[in-house]
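Notes to accompany the following structure.
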Amino acid sequence: MFNLADATLIKSLEQDLAAARISFNDDNFRLMNIFANRVMSDAVFMTGSARRQGLLAGFFIRDVAFEMNRVSALGKAGPISTAKAAVKSYLDGIADSATKGHLTVDQFWKSYNEYANRVRKFGLEKAEERAYSENEEFTAIAARYLLDFLKSQERLLLDSRNLLLEGILNEIIRIYRVHGTSLREAVILSLLTYLQRVYNYIRYSRTSADGNVDQNVVESEIFSAIEKIRSVASKDPLDLEEATKTLESLMVSWREYFIRYVELPVAVGPAVERGIQLPEETKKKITEAITKDLGREARRK
110 MFNLADATLI
120 KSLEQDLAAA
130 RISFNDDNFR
140 LMNIFANRVM
150 SDAVFMTGSA
160 RRQGLLAGFF
170 IRDVAFEMNR
180 VSALGKAGPI
190 STAKAAVKSY
200 LDGIADSATK
210 GHLTVDQFWK
220 SYNEYANRVR
230 KFGLEKAEER
240 AYSENEEFTA
250 IAARYLLDFL
260 KSQERLLLDS
270 RNLLLEGILN
280 EIIRIYRVHG
290 TSLREAVILS
300 LLTYLQRVYN
310 YIRYSRTSAD
320 GNVDQNVVES
330 EIFSAIEKIR
340 SVASKDPLDL
350 EEATKTLESL
360 MVSWREYFIR
370 YVELPVAVGP
380 AVERGIQLPE
390 ETKKKITEAI
400 TKDLGREARR
410 K
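First residue of the sequence shown? That's 110 in my numbering, and the numbers climb one at a time after it.
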């Protein structure tokens, strides 16, 4: 629970969350994504309980915005309204708890895992709906393999040409989307997502003319984070407090890199299989719209 000293910080958090929820209700999921980033950025200026509430709420809202954008891009009105109805209670629960300073680690991860396993189904194609069934054990096997693979291949991260983290996330995401996930793998996926966001800034800012990424920075910020993620993944029972601290550290680092470099240029990379791919014209329109929104937001900041 917040104390009186947090009052000024909480007012900002309340307003950020209100803006995100209005955007959700208005079906403006691109703007919702911007407000989610704003929640996390403002949380960086906070300390203690207020920072945690803001970071976790921002994480959740950003994920909702991304998934709703994804469902919307399929162009089916029915799934959009049904998906909104399915996730609204989770969104409201997280936002209300964070605003009051009541959002606990257990509540956050429980809500996130339940929400993730519901929302993923709205982005499936008919063939996937008919062919695939729940198989969380396979997701767990794949996640363990990919974490070991990441460790064995981590020195590739010193080569700016690599797409190792993108490839690993692609594999985990496509498997999770069709098979579902347990809480442990939902945590792993969350940590790897923000690790990749931090690494992208390092690759952008610390690559030399010969294409090598600064080894000292990669070792201190990325290799050490990989070890923390592997530690979280290996513990039984799952240590949610350790997982949350690791996630918070990555999120703060990501937003601090944003302050230094703002939005990274959109790179053109190889096609990946994060579920069914969108038509090129649709992807182009989404990219143009997001780029315009990001430009406006960068100027506001």
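Yeah, the Cβ is synthetic: ideal placement off N, Cα and C, and Gly gets one too. Just so we're clear, the structure is a prediction, and the values are computed from it rather than from any experiment.
Distance from the Cα of Met-360 is smallest, within the candidate group Ala-152, Asp-125, Glu-123 and Ser-121, for Ala-152. No residue range can be given for Thr-156, since it is assigned to no alpha helix (DSSP H) and is classified by DSSP as neither H nor E. Here Asp-135 carries a coil assignment [DSSP, helix/strand/coil]. Out of Leu-304, Ala-318 and Ile-338, the CA that lies nearest to the CA of Glu-275 is found in Leu-304.
Between the region 257 to 277 and the region 314 to 321 there are three or more C-beta pairs closer than 8 Å, enough to call the two in contact.
Membership of Phe-231 in any alpha helix (DSSP H) is not indicated, and neither H nor E is assigned to it by DSSP. The straight-line gap separating the alpha-carbon atoms of Lys-120 and Phe-175 is approximately 26 Å. Here Asn-271 carries a coil assignment [DSSP, helix/strand/coil]. Counting C-beta atoms within 10 angstroms of its own C-beta, Gly-289 has 16 or more neighbours from the protein chains shown and is therefore classed as buried. Note on geometry: alpha-carbon atoms of Thr-316 and Asn-325 lie some 12 Å from one another. As computed with DSSP, Thr-316 is found in a beta bridge with Val-322.
A residue is called buried when at least 16 other Cβ atoms come within 10 angstroms of its Cβ; Gly-232 meets this threshold and is buried. The three-state reading of DSSP puts His-211 in coil, since its state is none of H, G, I, E or B.
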